[in-house]
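A.B. asks: So in full-length UniProt numbering, spot 108 of the sequence shown is number 108, and the numbers just go up one at a time. Provided herewith is a single structure, encoded as structure tokens, for subsequent inquiry.
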Amino acid sequence: MEISIIKFLQSAKNPFYDFVFIFVSELASYKGFLISFAIFFIILLVSMKKKKNSTTSFCLFTLSYGVTYGLSVLINTLLKALINRPRPYEVDASIIDALHASGQSMPSGHTLSATIICAFVFFSVYYYSRNKALKISLAAVLSVFIVLVGISRMYLGQHYISDVIVGFIEAFSFSVLGIYVFTILDKRIKHERNREDNREEEKREEIKQGGN
Numbered sequence: 001m002e003i004s005i006i007k008f009l010q011s012a013k014n015p016f017y018d019f020v021f022i023f024v025s026e027l028a029s030y031k032g033f034l035i036s037f038a039i040f041f042i043i044l045l046v047s048m049k050k051k052k053n054s055t056t057s058f059c060l061f062t063l064s065y066g067v068t069y070g071l072s073v074l075i076n077t078l079l080k081a082l083i084n085r086p087r088p089y090e091v092d093a094s095i096i097d098a099l100h101a102s103g104q105s106m107p108s109g110h111t112l113s114a115t116i117i118c119a120f121v122f123f124s125v126y127y128y129s130r131n132k133a134l135k136i137s138l139a140a141v142l143s144v145f146i147v148l149v150g151i152s153r154m155y156l157g158q159h160y161i162s163d164v165i166v167g168f169i170e171a172f173s174f175s176v177l178g179i180y181v182f183t184i185l186d187k188r189i190k191h192e193r194n195r196e197d198n199r200e201e202e203k204r205e206e207i208k209q210g211g212n
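Encoded structure:
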């Protein structure tokens, strides 16, 4: 059945679809991560001119994003080696290998990469922005992108649909964990900073009262 899905997608093969799905697939690779990470870093540099709380929070968020992505890719590589599933074109010679990629099939690394990128990009807007329309629009666009990445990996003959599903579940789990750890640490840091600010304010009040 999984082979049939790939063959069905490849039956619509043409130069336009080739270009679109290869482009989408490239965006879902480490290149997409580097682009998004660079954007977050630029935002971080700009935020340094504002409140310290905002800078610290976004610095922690950017770090959490990088660590989550790096660990997930590492574990995904280990899973590929353990499962050792051959790619579709290695099993069925009629399937077109559009990218000539090496390595094992399950889980889909590009689906994992795309899901983590989209999860953190969306969360950054959800957490730091109050624009509801932007949040809804971004959620829709990113959801479509993840679906397109999954389709592209099958259309290009690189993965089965089960590879894509497992890659998504794996990435979703890592994203939830990474974001959860970030929010816990961010709240603790903000709480400690507020306590320090309150102490300083109390000291200033004591000095004023002592002067009077």
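Virtual Cβ for every residue (Gly too), placed ideally from N, Cα, C.
Expressed to the nearest angstrom, what Euclidean distance is found between the alpha-carbon atoms of serine 162 and isoleucine 136?
C.D. replies: In the sequence shown, residue 162 corresponds to position 162, counting from 1. In the sequence shown, residue 136 corresponds to position 136, counting from 1. When rounded, the distance between both Cα atoms is 28 angstroms.
A.B. asks: In three-state DSSP terms, what is histidine 159?
C.D. replies: The residue you call residue 159 lines up with position 159 of the sequence shown. Of the three classes helix, strand and coil, the one that applies to histidine 159 here is coil, per DSSP.
A.B. asks: Would alanine 12 and alanine 114 qualify as a contact pair, given that the criterion is a beta-carbon distance under 8 angstroms?
C.D. replies: Numbered from 1 along the sequence shown, position 12 holds the residue referred to as residue 12. Numbered from 1 along the sequence shown, position 114 holds the residue referred to as residue 114. No. Outside cutoff.
A.B. asks: For the alpha helix (DSSP H) that contains aspartate 18, what are its first and last residues?
C.D. replies: Along the sequence shown, read from residue 1 onward, the residue named residue 18 stands at position 18. It spans 15-27 - the alpha helix (DSSP H) in which aspartate 18 sits, taken as one unbroken run.
A.B. asks: What does a CB cutoff of less than 6 angstroms around tyrosine 155 pick up in its chain, not counting 5 residues either side in sequence?
C.D. replies: In the sequence shown, the residue the question calls residue 155 occupies position 155. Excluding positions up to five away in sequence, the list reads Leu9, Phe21.
A.B. asks: Can phenylalanine 172 and serine 72 be called in contact, C-beta distance under 8 angstroms?
C.D. replies: As a working mapping, residue 172 is identified with position 172 in the sequence shown. As a working mapping, residue 72 is identified with position 72 in the sequence shown. Against a cut-off of 8 angstroms, the Cβ pair of serine 72 and phenylalanine 172 comes out as no contact.
A.B. asks: So, does the stretch 72-88 touch the stretch 98-105, judging by three or more C-beta pairs under 8 angstroms?
C.D. replies: Result yes; three or more Cβ-Cβ pairs closer than 8 angstroms.
A.B. asks: Determine the burial state of glutamate 192: buried for a count of at least 16 other Cβ atoms within 10 Å of its Cβ, exposed for fewer.
C.D. replies: Indexing the sequence shown from 1 puts residue 192 at position 192. Exposed, because fewer than 16 other Cβ atoms sit within 10 Å of the Cβ of glutamate 192.
A.B. asks: Have a look at isoleucine 83 and isoleucine 179 and give me their C-alpha separation to the nearest angstrom.
C.D. replies: One-based indexing of the sequence shown puts residue 83 at position 83. One-based indexing of the sequence shown puts residue 179 at position 179. A straight line joining the alpha-carbon of isoleucine 83 with that of isoleucine 179 spans about 28 angstroms.
A.B. asks: Helix or strand or just coil, what does DSSP make of leucine 99?
C.D. replies: By one-based count along the sequence shown, residue 99 stands at place 99. Three-state result, leucine 99: coil.
A.B. asks: Hey, could you find the ends of the alpha helix (DSSP H) alanine 114 is sitting in?
C.D. replies: Within the sequence shown, numbered from 1, the residue matching residue 114 stands at position 114. Run containing alanine 114: 109-128, per the alpha helix (DSSP H) assignment.
A.B. asks: Which same chain residues end up closer than 8 angstroms to threonine 77 when comparing Cβ atoms and leaving out the 5 residues on each side of it in sequence?
C.D. replies: Translated into the one-based positions of the sequence shown, residue 77 becomes position 77. Result list for threonine 77: Gly109, in chain order.
A.B. asks: Given that a residue counts as buried once 16 or more other Cβ atoms are within 10 Å of its Cβ, and exposed if not, what is methionine 1?
C.D. replies: Position 1 of the sequence shown, counted from the start, is the residue given in the question as residue 1. Methionine 1 should be labelled exposed.
A.B. asks: Are the beta-carbon atoms belonging to aspartate 92 and isoleucine 3 less than 8 angstroms from one another?
C.D. replies: For the purposes of this step, residue 92 is taken as residue 92 along the sequence shown, with counting starting at 1. For the purposes of this step, residue 3 is taken as residue 3 along the sequence shown, with counting starting at 1. Yes, the pair counts as a contact, with Cβ atoms nearer than the cut-off.
A.B. asks: Just the Cα atoms here: how many angstroms apart are threonine 62 and alanine 81?
C.D. replies: As a working mapping, residue 62 is identified with position 62 in the sequence shown. As a working mapping, residue 81 is identified with position 81 in the sequence shown. Going by the C-alpha atoms only, they are around 29 angstroms apart.
A.B. asks: Would arginine 153 be called buried (16 or more neighbouring beta carbons within 10 Å of its own) or exposed?
C.D. replies: If you number the sequence shown from 1, residue 153 lands on position 153. By the neighbour-count rule (16 or more Cβ atoms within 10 Å), arginine 153 is buried.
A.B. asks: Can you give the Cα-Cα distance for threonine 111 and isoleucine 189, rounded to whole angstroms?
C.D. replies: As a working mapping, residue 111 is identified with position 111 in the sequence shown. As a working mapping, residue 189 is identified with position 189 in the sequence shown. Roughly 33 angstroms between the two C-alpha positions.
A.B. asks: Using a Cβ-Cβ cutoff of less than 6 angstroms, which residues in the same chain neighbour serine 128 once the five nearest sequence positions on both sides are dropped?
C.D. replies: Locating residue 128 in the sequence shown gives position 128, counting from the first residue. The sequence shown places tyrosine at residue 128, rather than the serine named in the question. Counting only Cβ-Cβ distances below 6 angstroms, and skipping sequence neighbours, we find nothing.
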